[in-house]
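*Asks:* So the protein sequences, as listed, match chains B, R, Y and U.
Per my numbering, residue 1 is the first one in the first sequence, and the count goes up by one each step.
Per my numbering, residue 1001 is the first one in the second sequence, and the count goes up by one each step.
Per my numbering, residue 2001 is the first one in the third sequence, and the count goes up by one each step.
Per my numbering, residue 3001 is the first one in the fourth sequence, and the count goes up by one each step.
Just so it is clear, CB atoms sit at the ideal spot from N, CA and C, and this is done for glycine as well.
All values derive from a computational prediction rather than experimental measurement.
One structure is given below, represented as structure tokens, and several questions about it will come after.
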Amino acid sequence: MVGGFGSFAGLPVNLITALSKQGAKNLTVIANMGGVGFELSKRLKPGGYNDLGLLFENGQVKKFIGSVPALGGMPPDSPLEKSYNAGKVEIETLPQGTMAERIRCGAGGLGGFYTRVGVGTIVEKGKEKKVINDKEYILELPLFADFALIKAYKADTLGNLVYRKTARCFNPIMATAARITIAEVDELVPVGQLDPEVIVTPHVYVHRIVEVPR
Amino acid sequence: MVGGFGSFAGLPVNLITALSKQGAKNLTVIANMGGVGFELSKRLKPGGYNDLGLLFENGQVKKFIGSVPALGGMPPDSPLEKSYNAGKVEIETLPQGTMAERIRCGAGGLGGFYTRVGVGTIVEKGKEKKVINDKEYILELPLFADFALIKAYKADTLGNLVYRKTARCFNPIMATAARITIAEVDELVPVGQLDPEVIVTPHVYVHRIVEVPR
Amino acid sequence: MKVRLDEQTIALRAAREFTDGSVVNLGYGMPGLCANYIPEGRTVFFQSENGMLGYGNLSTDVEKDYEMINASDQPVTPLPGMCFFDSGISFDMIRGGHIDIVVLGAYQVSEKGDLANWGRPGRPATGMGGGMDLAAGAKKVIVTMLHTTREGTPRVVKNCTYPLTARQCVGLIITDLAVIEVTGEGLVLKELAPGWTFPEVQNLTEARLIPAADLKEIEL
Amino acid sequence: MKVRLDEQTIALRAAREFTDGSVVNLGYGMPGLCANYIPEGRTVFFQSENGMLGYGNLSTDVEKDYEMINASDQPVTPLPGMCFFDSGISFDMIRGGHIDIVVLGAYQVSEKGDLANWGRPGRPATGMGGGMDLAAGAKKVIVTMLHTTREGTPRVVKNCTYPLTARQCVGLIITDLAVIEVTGEGLVLKELAPGWTFPEVQNLTEARLIPAADLKEIEL
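Spelled out as structure tokens, the structure:
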């Protein structure tokens, strides 16, 4: 799993870059958006930034699971879209809220949940349906990852995390749904410096911290 | 629904007292614990306090749903336990985490979820079971209330809420799972005084605020 | 003279639907422009799927904060009383029915209010984003779109041929030519762009339109 | 001289199982006492179902904070690095497998490790609280209890007759007489209270006990 939401905010850009250098292949990547690649990223943030496009360019990914593999409002030039059109990567598309809930479901040790989102659309294809109180629901199953790469604002040395503005997005829920969670943070602070009332991710979920000062 | 967890922390004692005076009957109360009544409450907090016992003493409740109707470690003298033994109130007992998740399920507009908690116990009685990835699960359905009475620390005048220490407990999730949520708060502050990063309950969930300074 | 509303004017008309105190989510693209047209005297709380409630306009600062963006990747400004939360909580709010109005773009809307707004021929890798969740969860779905494709093919259709977002979810359609209400009886044409007649608009619409008793020109 | 361990000593013995850095949840009653016996040099993070991680000892302050309590309604003290969250998040943590050890009280434990710890005759209105969630979610379940009822009826049984909390969940049983490990082969008697012999303890146990090769006296 890779945190963030769409563009720069909340994306662990340094961890993604590191993963591209580390070179692991045949990855299954779970992320909200497939990234646009460095060139198109300049349309979203001046100067651009490295996103998941890097991993698709490198051919490191065999499957992508997310709600926005490619942006319809952008030219069809993102590394994922090109890889997909070339038959090099498989895509599983799912509604954003269903994705969020499947992640929470995996994090919370549950077996699945019923949702009305996607009823009557291609989302229900191959999925079990059930009528509850006269309404149709689709059964959705949990998502859980081997690794979560996430971006937070500050960590204490125990691993408690806080986030900044909309860079929070998918990061706190992905942090809870992986065997090993690696957090890229702007600032690492001593234990006791984060207010116990405002910690968003408790340290039991965080296994590695990489401080990358802005 | 009535917030809190067990004893004093997070219990909207003034709203409970007000409801006992208002006199509504045939209530279904969803709360983690059934309360111990004013007398026994002195064992939990010097001086005692009003808890849900008040509503059972008044005969206002026809059904209680919770994980700890009565405490096994206390004498069988709580108003709920006495009412139950006298056949005056119905009880539905459920595991605490299942209760929390059923509330979140209701709040999130979902149809139900599968959990392993309670498999092989009386909790599974009358419930649908399903095998997912070779493990047995129980189907649990959402909880949603007409009213939620909750306790928060501070509210702004829009209705954004923050909590204090373990008085947070069931309050934030119950706040999201009712048609009308009424919050009892220590302090009401102007809009803009609560840090957007630390607001726990967004104002869309809060319909009435009662300020009761400590 | 026949006038086709431009995107800004469509957004302005859509924003007039925002009642005082309403919670509004704005979809990708044209709907985002509505943020600049809140009717005077009304307070509107904008919710964004990534995890934010109560933000202000699109940022016009020279130094933008790229960690303060709406779900369309646009930097926005803060407002007092706003708050941040994670995307899981955001979709609880959306599915839980706390969004009064969502404004979405569309490729097609059917006469029953079916919505198709995320997939189109030649772009198999695009995804539905939060559209399905919003269409299923919001109390009212408003669609803003151009009345036809560039080639003149109607977008208000009998049945959607593009992949569906949700069935029977759209309440109001606002295009460059018309304002159309989706009712139990069918599509009711409520307002026309300046200079346009009912037959002319019907001619560019695949589904049958019912002229409203009080059919009028769009007031801007 | 035969010694029965008192509650404090049982808690002390249980706390010896807490490895360095482990996340531990303490159940209602006797297990709560473990908080005061963390082995020297080890860091233990106590989690509480209501929504707290990393708290300290039971509060001995004159002015206690009754909004800072563990799940057994006891005021506790803060520690650096602790945090608060809601009960929903708390049980995600519990069911999600992030509790290394839970110490629970019990009425009965069966030879297969079935646990009965919440309902007893004459008290139909008590509930299971968080016990079922903890028993299902924690990596290791330790039970602390008296070896028999006040009347001498064994609590370590062939099959539980009291309502179950969860099946096959208990890993270790610590009583006033013995430390018993639940294994695939059955209940292995690992340690005895001072002065007690294997036959004597077996005699007060309904289930069959297997003496460990290194059966020894409980070291305190």
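#1: At least one CB of chain R closer than 7 Å to the CB of B/THR181: is that the case?
#2: Is it right to say U/ALA3213 is buried, meaning 16 or more other beta carbons lie within 10 angstroms of its own, or is it exposed?
#3: Which residue comes first and which comes last in the alpha helix (DSSP H) that contains B/LEU149?
#4: What are the uninterrupted segments assigned as alpha helix (DSSP H) that are 4 or more residues long and contained completely in the segment 2166–2207 of chain Y, given in chain order?
#5: Closer than 7 Å by beta-carbon distance: list the chain C residues that pair up with U/MET3128, in chain order.
#6: Counting C-beta neighbours from all protein chains within 10 Å, is the total for R/GLU1081 16 or more, i.e. buried, or is it exposed?
#7: From the beta carbon of B/ARG102, is the nearest beta carbon of chain Y less than 7 Å away?
#8: Grab the span of the beta strand (DSSP E) containing R/THR1115 for me, first residue to last.
#9: Flag B/ILE122 as yes if its beta-carbon sits less than 7 Å from any beta-carbon of chain Y, otherwise no.
#10: With respect to the beta strand (DSSP E) encompassing U/PRO3211, which residues constitute its N-terminal and C-terminal limits?
#11: Please say whether Y/ALA2178 and Y/VAL2201 have beta carbons closer to each other than 7 Å?
#12: Are there three or more Cβ pairs, one per stretch, closer than 8 Å when the segment 2169–2176 of chain Y is compared with the segment 2127–2142 of chain Y?
#13: For R/PRO1196, decide whether its Cβ has a neighbour in chain Y, counting only Cβ atoms nearer than 7 Å.
#14: How many Å lie between B/LEU158 and R/ALA1155 at the Cα?
#15: Give me the residue from U/GLY3051, U/LYS3002, U/GLY3029, U/VAL3024 with the minimum Cα distance to R/PRO1172.
#16: Go ahead and label R/GLU1128 buried or exposed: buried means 16 or more other beta carbons lie within 10 angstroms of its beta carbon, across all protein chains shown.
#17: On the DSSP bridge list, what partners appear for R/GLU1211?
#18: Who are the near neighbours of Y/VAL2102 in its chain, counting only those whose CB is closer than 6 Å to its CB and skipping five residues on each side?
#19: For a contact meaning CB atoms closer than 8 Å, what does B/CYS169 contact in chain Y?
#20: Would you mind telling me which residues of chain B sit closer than 9 Å to R/THR1115, beta carbon to beta carbon, in chain order?
#21: Below 7 Å CB to CB, which residues in the same chain sit around U/THR3165 once its five sequence neighbours on both sides are set aside?
#22: So, at 7 Å on beta carbons, what are the nonlocal neighbours of U/LYS3158 in its own chain, with the 5 sequence-adjacent residues on each side left out?
#23: Over what stretch of residues does the alpha helix (DSSP H) that includes B/ASN171 continue unbroken?
#24: I want to verify the contact list: residues of chain Y whose CB lies under 9 Å from the CB of B/LEU6, in sequence order.
#25: Which word fits U/GLN3108, buried or exposed, when buried means at least 16 other C-beta atoms lie within 10 angstroms of its C-beta?
#26: In chain R, which residues lie with their C-beta within 9 Å of the C-beta of B/TYR205?
#27: Roughly how many angstroms separate the alpha carbons of B/ASP186 and R/GLY1006, rounded to a whole number?
#28: Residues of the segment 3023–3048 of chain U in Cβ contact with chain R at a cutoff of 9 Å, in chain order, please.
#29: Please confirm if the segment 1051–1058 of chain R is in contact with the segment 1025–1037 of chain R, defined as three or more CB-CB distances below 8 Å between the two stretches.
#30: Are there 16 or more other CB atoms within 10 angstroms of the CB of B/PRO12, so buried, or fewer, so exposed?
#31: Could you compute how far the alpha carbon of R/GLY1042 sits from the alpha carbon of R/MET1074?
#32: Provide the residue span of the beta strand (DSSP E) that contains Y/GLN2047, from first to last.
#33: Tell me whether the beta-carbon of R/GLU1057 lies closer than 7 Å to the beta-carbon of R/PRO1079.
#34: Over what stretch of residues does the alpha helix (DSSP H) that includes B/ASN85 continue unbroken?
#35: Find the nearest neighbour of Y/GLU2181 within the set Y/ALA2014, Y/LEU2058, Y/ASP2020, judged by alpha-carbon distance.
#36: Just mark U/MET3001 as buried or exposed, buried being the case when its beta carbon has 16 or more other beta carbons within 10 Å.
*Replies:* Considering the structure as presented:
#1: no
#2: exposed
#3: Where B/LEU149 is concerned, there is no enclosing alpha helix (DSSP H), although the beta strand (DSSP E) it sits in stretches over 145–156.
#4: 2198–2203
#5: Within the model displayed, chain C is absent; protein chains B, R, Y and U are what it includes.
#6: buried
#7: no
#8: 1112–1115
#9: yes
#10: 3209–3217
#11: yes
#12: yes
#13: yes
#14: 31 Å
#15: U/GLY3051
#16: exposed
#17: R/VAL1185
#18: ASN2025, LEU2134, ALA2138, VAL2141
#19: ASN2050, GLY2051, ASP2086, SER2087
#20: GLY108, GLY109, LEU110, GLY111
#21: LEU3115, ALA3116, ASN3117, TRP3118, MET3128, GLY3131, MET3132, ALA3135
#22: SER3110, GLU3111, GLU3206, ALA3207
#23: 171–175
#24: Position check: residue 6 of chain B holds Gly in this sequence, whereas Leu was assumed. Neighbours of B/GLY6 on chain Y, chain order: ASN2050, ILE2069, ALA2071, SER2072, ASP2073, GLY2129.
#25: buried
#26: None at all; the shortest Cβ gap to chain R is about 17 Å.
#27: 39 Å
#28: TYR3028, GLY3029, SER3048
#29: yes
#30: buried
#31: First, the amino acid is wrong: residue 1042 of chain R is Lys here, not Gly. Distance between the alpha carbons of R/LYS1042 and R/MET1074: 12 Å.
#32: 2045–2048
#33: yes
#34: 79–85
#35: Y/ALA2014
#36: exposed
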